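Q: For the sequence shown, the working numbering gives the first residue as 9, with consecutive numbering after it.
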Amino acid sequence: MSMEAFNALLREIDPDMARGMPHSVELLLEEHELAARLSLSPDETEVLTDIFILDVARYIGGPRRGLQQAILTLNGLSAPYADCSIGIDHRHYLVLTGYTKLANATSESYC
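#1: How far does the beta strand (DSSP E) with Arg45 in it reach, from first residue to last?
#2: Whether or not the stretch 55 to 63 and the stretch 100 to 111 are in contact is what I'm after, with contact meaning three or more pairs of Cβ atoms, one per stretch, closer than 8 angstroms; do they touch?
#3: Below 7 angstroms between beta carbons: does that hold for Ala65 and His100?
#4: Please name the residue, chosen from Asp24, His40, Leu46, that lies closest to Glu34 on a Cα-to-Cα basis.
#5: List the endpoints of the continuous alpha helix (DSSP H) containing Ser10.
#6: Assuming Phe14 and Leu48 are in contact, meaning their beta carbons sit under 8 angstroms apart, how far apart are those beta carbons, in whole angstroms?
#7: Taking 7 angstroms as the threshold (C-beta atoms), are Ile94 and Ile79 in contact?
#8: In angstroms, rounded to a whole number, what distance separates the CA positions of Tyr67 and Ser10?
#9: With a threshold of 7 angstroms on Cβ separation, who are the neighbours of Glu20 within its own chain once the five nearest residues in sequence on each side are excluded?
#10: Please state whether DSSP places Asp91 in a helix, a strand or coil.
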């Protein structure tokens, strides 16, 4: 049932996205011109959203360490209270990751 609910959410966002019953899709948040990825969690109870904010590859040395320390600090402070985190992916993009219960996810959040 959860996979069907996830695909219903995808169809509300864009009917073409739900073709083939994917567990993960990529989309463009057009209003802000940001790339995003929606994924169904392995236990099929949550929707994980990754929003790719900024390429930070040019941050090296001290600025990179400062950025990493800021990310660790923010994640540590918010961990007990927030359903989100900040990180740097393997392509050196600053990524905001959030998750919500599938039952609470609405297409309005992504349009």
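Ideal Cβ positions, reconstructed from N, Cα and C, are used throughout, including at glycine.
These numbers were taken from a predicted model, which means no experiment stands behind them.
A: The short version:
#1: Where Arg45 is concerned, the enclosing beta strand (DSSP E) stretches over 42 to 48.
#2: Enough Cβ pairs lie closer than 8 angstroms, so yes.
#3: Yes. Within cutoff.
#4: Nearest Cα to Glu34 within the set Asp24, His40, Leu46: Leu46.
#5: Its alpha helix (DSSP H) spans residues 10 to 21.
#6: The beta-carbon distance between Phe14 and Leu48, rounded to whole angstroms, is 5 angstroms. This is short enough to meet the 8 angstroms contact definition.
#7: A contact, by the Cβ cut-off of 7 angstroms.
#8: Roughly 40 angstroms separates the two Cα atoms.
#9: Closer than 7 angstroms at the Cβ level, and outside the excluded window around Glu20, lie Ser115.
#10: Note: Asp91 maps to coil in three-state DSSP.
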